[in-house]
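Colleague:
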DNA sequence: AATTTTAAGTGTGAATCTAACACTTGCAAA
DNA sequence: TTTGCAAGTGTTAGATTCACACTTAAAATT
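Residue numbers (this note's numbering), protein chains in the order written: chain A, 1 to 232; chain B, 233 to 464.
1) Using a threshold of 9 Å, state whether the C-beta atoms of residue 73 of chain A and residue 20 of chain A are closer than that.
2) How far does the beta strand (DSSP E) with residue 204 of chain A in it reach, from first residue to last?
3) I want to know whether the region 74-90 of chain A touches the region 274-283 of chain B - three or more CB-CB distances under 8 Å.
4) Using the beta-carbon of each residue, which ones in chain B are nearer than 8 Å to residue 100 of chain A?
5) Which value, in whole angstroms, describes the spacing of the CA atoms of residue 173 of chain A and residue 329 of chain B?
6) Exposed or buried, what is residue 33 of chain A when buried is set at 16 or more other beta-carbons lying within 10 Å of its beta-carbon?
7) With distances taken between CB atoms, is the gap from residue 421 of chain B to residue 397 of chain B smaller than 9 Å?
8) In this structure, how does DSSP classify residue 20 of chain A when only helix, strand and coil are distinguished?
9) Touch check for the region 6-16 of chain A and the region 99-116 of chain A: three-plus C-beta pairs under 8 Å?
10) Given that a residue counts as buried once 16 or more other Cβ atoms are within 10 Å of its Cβ, and exposed if not, what is residue 94 of chain A?
11) Under 7 Å Cβ-Cβ, which residues of chain A neighbour residue 398 of chain B?
12) Determine which residues of the region 362-377 of chain B have a Cβ less than 9 Å from any Cβ of chain A, and write them out in chain order.
13) Our contact map puts residue 334 of chain B next to residue 254 of chain B with C-beta atoms below 8 Å; I'd like the distance itself, whole angstroms only.
14) Any beta carbon of chain A sitting closer than 9 Å to that of residue 284 of chain B?
15) Using a threshold of 9 Å, state whether the C-beta atoms of residue 236 of chain A and residue 158 of chain A are closer than that.
16) Need the endpoints of the alpha helix (DSSP H) that residue 109 of chain A sits in, please.
17) Assuming residue 131 of chain A and residue 62 of chain A are in contact, meaning their beta carbons sit under 8 Å apart, how far apart are those beta carbons, in whole angstroms?
18) Quick check: the Cα distance between residue 60 of chain A and residue 207 of chain A, rounded to an integer number of angstroms?
19) Can you give the Cα-Cα distance for residue 432 of chain B and residue 250 of chain B, rounded to whole angstroms?
20) Mind checking the region 287-306 of chain B against chain A and listing, in chain order, the residues whose C-beta falls within less than 9 Å of any C-beta there?
21) Please report the distance separating the alpha-carbon of residue 277 of chain B from that of residue 361 of chain B.
22) Would you call the CB atoms of residue 169 of chain A and residue 186 of chain A closer than 9 Å?
23) Check whether chain B comes within 9 Å of residue 220 of chain A, counting only Cβ atoms and requiring the distance to be less than that.
24) By Cβ distance below 8 Å, which residues in the same chain neighbour residue 324 of chain B in space, the five residues on each side in sequence not counted?
25) In this structure, does DSSP put residue 271 of chain B in helix, strand or coil?
26) What residue does the beta strand (DSSP E) around residue 101 of chain A start on, and which one ends it?
27) Let me know if residue 303 of chain B comes out buried or exposed under the rule of 16 or more other beta-carbons within 10 Å of its beta-carbon.
28) Give me the DSSP bridge partner(s) of residue 210 of chain A.
29) Closest to residue 465 of chain B by CA distance: which of B/238, B/260 and B/321 is it?
30) Could you pull the start and end residues of the alpha helix (DSSP H) that residue 417 of chain B belongs to?
31) Less than 9 Å between the beta carbons of residue 149 of chain A and residue 99 of chain A, yes or no?
32) Give the DSSP-derived three-state secondary structure of residue 258 of chain B in the structure shown.
33) Would residue 56 of chain A pass as a contact of residue 319 of chain B if the rule is Cβ separation under 9 Å?
34) Give me the Cα-Cα distance between residue 6 of chain A and residue 247 of chain B, rounded to the nearest whole angstrom.
35) Relative to the alpha-carbon of residue 309 of chain B, which residue among B/388, B/371, B/355 and B/343 has its alpha-carbon at the smallest distance?
36) Any beta carbon from chain A within less than 9 Å of residue 248 of chain B's own beta carbon?
Given below as C-alpha cells:
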C-alpha cells in the first residue's frame, strides 16, 4: 500500500449527508418544501429533503440528485449553505450534513409538490417543528436568501420566466416581510437595466393587465463581471 | 441491530478534513499563513493548514484544534467558509474538506509564525501556488473577508486590542486594495459609535502620536441585536 | 533657540441617493 | 354609463456620500 493511503487510513470516516432547504413562492407567500421522514429515527416527523452522499458523486451532485429524486426537477438554482457537524446532531449515529439552499421557480412549483415522497409546501409564516437541527438550517437559509435577494438578482429564480412588476414586488415583500413603495421599487429595478419589457400583458390579476418582463441574463452577467453591485 | 443503524450502514463513509485559511495583518499588508505539507501526496508543497476530523469532535472543534496544534493559539475568530467535495479533489483518495476562515490578531501574529510545522506568513499580493483546490479556497475566503469587513466590525479581529485610526484605515485599505480618504473614514467609523477613545497615544509611527482606540464589544452587540447594519 | 520634517487631526459644500407621497389610466363587470 | 380595481406614473425634501487642503504636535536638525 502506498504511504499516503496508509496515512489517510489511520483516520476515521463518516457518513456524509446533504439536506436541502427548498424555497418556493406562491400565492404571495414564501414557502418551504418538506416531507414526513420515511425511515428511522424520527420516522413520520417533518424533515427537509436529504440523503447520503454516494462514492461516485460530489457534494453538489448529491444535492442535485436528491432534489431531482424527490421533486423530479433538474437545473434548479442551488448553493451550498453551511455544514453541520456536531457530534450528537443525529441520535442514530455520527452524520455530517452539508446543507444546500434551493430556489424553485413558480412554473415548477406544483410539479415539485407532486412527489411520491409526500412533499408538502408549507408557508414560512407557520413552519412546523422539524427534526434534529433542520429548523436551524432553515433560519440560516432564510437569512441567506434575504441577503442574496438584496445583492444579486436571485429573486428571479423564484418567478416564472415572464413576470410582472407587481409580482416581482410581491416576492420582495414576502422575502423581507415588509411593504415597499411601488414607485420607488419600479424605479430601482428599472434603473438596473436588466429587465426586458415585453409587449404582452398578464391580465390574471387585474382588468387593466400588467406588462410582462423578462430578465436579461446576458446584460446582468456583464454588469457583474464589471463589478456591479445589484441592490434592492 | 436497530433498523436505523442498518439503514445508515448501507451508505458509504468518507474521510472528512478541515482546511483553514488564516489571515493576518502586518506591515500594512494582508497575509496568509501556510506551510509545506508534511506527508504524501504532495509532500513539500505549499498548503493551507488542515487535518482530519476525529470521531469525538465536531467540525468547529476540529478546526480549532488543528489551528491550535499548528499555531499554539486559542480563541481565534473562525467561521466555516465552504465545503469542498469534488470526487477527484485529492489524488490520494476521496476526502471531503470543510474550509474555515480564521483571523489572527496582530498581537499574536509572530507567535503564530513560530510553529514547528514551518508556518510561513506570505503576502496576499504574491501568493504561491498551493496544493489541490487550496488556491480556490483562498479566493473564496478573500471575497468573504471583503464582504464581512464591509458589513461587520470584523476588521478589529485582525488588530491588537488597542489600535489607532491610521492603523484601522491601513487595514481596510489592505483588504480593499484601495486608498480611502482619512477624513471620511474617521467620520464613518466614529459615527457608528462603537469605538472608545483612550487618553494614551501610540508614537511608534509618528512624532505627534496617534490616539489609541478600543472596540466597544457590548455596544456593538446591542446594535447588532437591534438590527444595525455596520457598513464601511 | 529656531527651523524643518513627519504623520495626525480636523470641516464644508456639491452632488447623489433615498424615501415619502396621490392621482390618472385601462378595462371588465354591473 | 358607471363603478371598481389594480397598474402605472414624478416630484421634492432630507440624508448620505464624496471630494478636497490646511493646521497641529512633537521630535530631529541646524
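Glycine included, each C-beta is placed from N, C-alpha and C at the ideal position. Note that the coordinates shown come from a computational prediction; the quantities given were computed from them, not determined experimentally.
Modeller: On the basis of the data shown:
1) Residue 73 of chain A sits at position 73 when you count from the first residue of the first chain. Residue 20 of chain A sits at position 20 when you count from the first residue of the first chain. No, the Cβ-Cβ distance between residue 73 of chain A and residue 20 of chain A is not below 9 Å.
2) Mapped onto the first chain, residue 204 of chain A falls at position 204. For residue 204 of chain A, there is no enclosing beta strand (DSSP E), as DSSP marks it with neither H nor E.
3) no
4) As a first step, residue 100 of chain A is located in the first chain; it is residue number 100 there, counting from the start. Within chain B, no residue comes near residue 100 of chain A; the closest Cβ sits about 10 Å away, beyond 8 Å.
5) Locating residue 173 of chain A in the first chain gives position 173, counting from the first residue. Locating residue 329 of chain B in the second chain gives position 97, counting from the first residue. Cα to Cα, residue 173 of chain A sits roughly 37 Å from residue 329 of chain B.
6) Taking the first residue of the first chain as 1, we reach residue 33 of chain A at position 33. Burial call: buried.
7) Along the second chain, one-based indexing puts residue 421 of chain B at 189. Along the second chain, one-based indexing puts residue 397 of chain B at 165. Going by beta carbons, residue 421 of chain B and residue 397 of chain B fall inside the 9 Å limit.
8) By 1-based counting over the first chain, the position of residue 20 of chain A is 20. Three-state DSSP puts residue 20 of chain A in a strand.
9) no
10) In the first chain, the residue the question calls residue 94 of chain A occupies position 94. It is buried - the Cβ of residue 94 of chain A has at least 16 other Cβ atoms within 10 Å.
11) Within the second chain, the letter at position 166 stands for residue 398 of chain B. Chain A residues near residue 398 of chain B: none, gap ~27 Å exceeds 7 Å.
12) none
13) By one-based count along the second chain, residue 334 of chain B stands at place 102. By one-based count along the second chain, residue 254 of chain B stands at place 22. With 8 Å as the limit, residue 334 of chain B and residue 254 of chain B qualify as a contact, their Cβ atoms being about 5 Å apart.
14) For the purposes of this step, residue 284 of chain B is identified with residue 52 of the second chain, where counting begins at 1. Yes - at least one Cβ of chain A is within 9 Å of the one on residue 284 of chain B.
15) Within the shown structure, residues of chain A are numbered from 1 to 232, placing residue 236 of chain A beyond reach of any answer.
16) Reading the first chain from its first residue, position 109 is the one you call residue 109 of chain A. It spans 109-113 - the alpha helix (DSSP H) in which residue 109 of chain A sits, taken as one unbroken run.
17) On the first chain, residue 131 of chain A is found 131 positions in, with the first residue counted as 1. On the first chain, residue 62 of chain A is found 62 positions in, with the first residue counted as 1. Actually they do not touch by this definition, with Cβ atoms about 19 Å apart.
18) Here residue 60 of chain A refers to the residue found at position 60 of the first chain. Here residue 207 of chain A refers to the residue found at position 207 of the first chain. Straight-line Cα distance between these residues: approximately 45 Å.
19) Taking the first residue of the second chain as position 1, residue 432 of chain B is located at position 200. Taking the first residue of the second chain as position 1, residue 250 of chain B is located at position 18. Distance between the alpha carbons of residue 432 of chain B and residue 250 of chain B is about 42 Å.
20) The residues in question are 287, 288, 289, 290, 291, 292, 293 and 294.
21) Residue mapping note: residue 277 of chain B aligns to position 45 of the second chain, counting from 1. Residue mapping note: residue 361 of chain B aligns to position 129 of the second chain, counting from 1. The straight-line gap from Cα to Cα measures roughly 9 Å.
22) Walking along the first chain from the start, residue 169 of chain A turns up at place 169. Walking along the first chain from the start, residue 186 of chain A turns up at place 186. Yes, the Cβ-Cβ distance between residue 169 of chain A and residue 186 of chain A is below 9 Å.
23) Residue numbering aside, residue 220 of chain A sits at position 220 when the first chain is read from its first letter. Chain B, which has no Cβ nearer than 9 Å to the Cβ of residue 220 of chain A, makes this no.
24) Counting from one through the second chain, the residue named residue 324 of chain B turns up at place 92. Closer than 8 Å at Cβ, skipping near neighbours: 272 and 273.
25) Within the second chain, residue 271 of chain B is the residue found at index 39, counting from 1. Residue 271 of chain B carries a coil assignment under DSSP once its states are collapsed to helix, strand and coil.
26) Here the question's residue 101 of chain A lines up with position 101 in the first chain. Element bounds for residue 101 of chain A: 95-103.
27) Taking the first residue of the second chain as position 1, residue 303 of chain B is located at position 71. With 16 or more other Cβ atoms within 10 Å, it is buried.
28) For the purposes of this step, residue 210 of chain A is taken as residue 210 along the first chain, with counting starting at 1. Looking at the DSSP output, residue 210 of chain A shares a beta bridge with A/202.
29) Since the displayed chain B opens at 233 and closes at 464, residue 465 of chain B lies outside it and no answer follows.
30) Walking along the second chain from the start, residue 417 of chain B turns up at place 185. First-last of the alpha helix (DSSP H) with residue 417 of chain B: 414-423.
31) Position 149 of the first chain, counted from the first residue, corresponds to residue 149 of chain A. Position 99 of the first chain, counted from the first residue, corresponds to residue 99 of chain A. The Cβ-Cβ distance between residue 149 of chain A and residue 99 of chain A does not fall below 9 Å.
32) Here residue 258 of chain B refers to the residue found at position 26 when the second chain is read from its first residue. In the structure shown, residue 258 of chain B sits in a strand (DSSP, three-state: E or B).
33) Locating residue 56 of chain A in the first chain gives position 56, where the first residue counts as 1. Locating residue 319 of chain B in the second chain gives position 87, where the first residue counts as 1. Closer than 9 Å, so yes.
34) Within the first chain, the letter at position 6 stands for residue 6 of chain A. Within the second chain, the letter at position 15 stands for residue 247 of chain B. Rounded to the nearest angstrom, the two C-alpha atoms are 13 Å apart.
35) Position 77 of the second chain holds residue 309 of chain B. Taking only the C-alpha atoms, the option nearest residue 309 of chain B is B/388.
36) On the second chain, position 16 is the one that residue 248 of chain B refers to. Chain A, which has a Cβ nearer than 9 Å to the Cβ of residue 248 of chain B, makes this yes.
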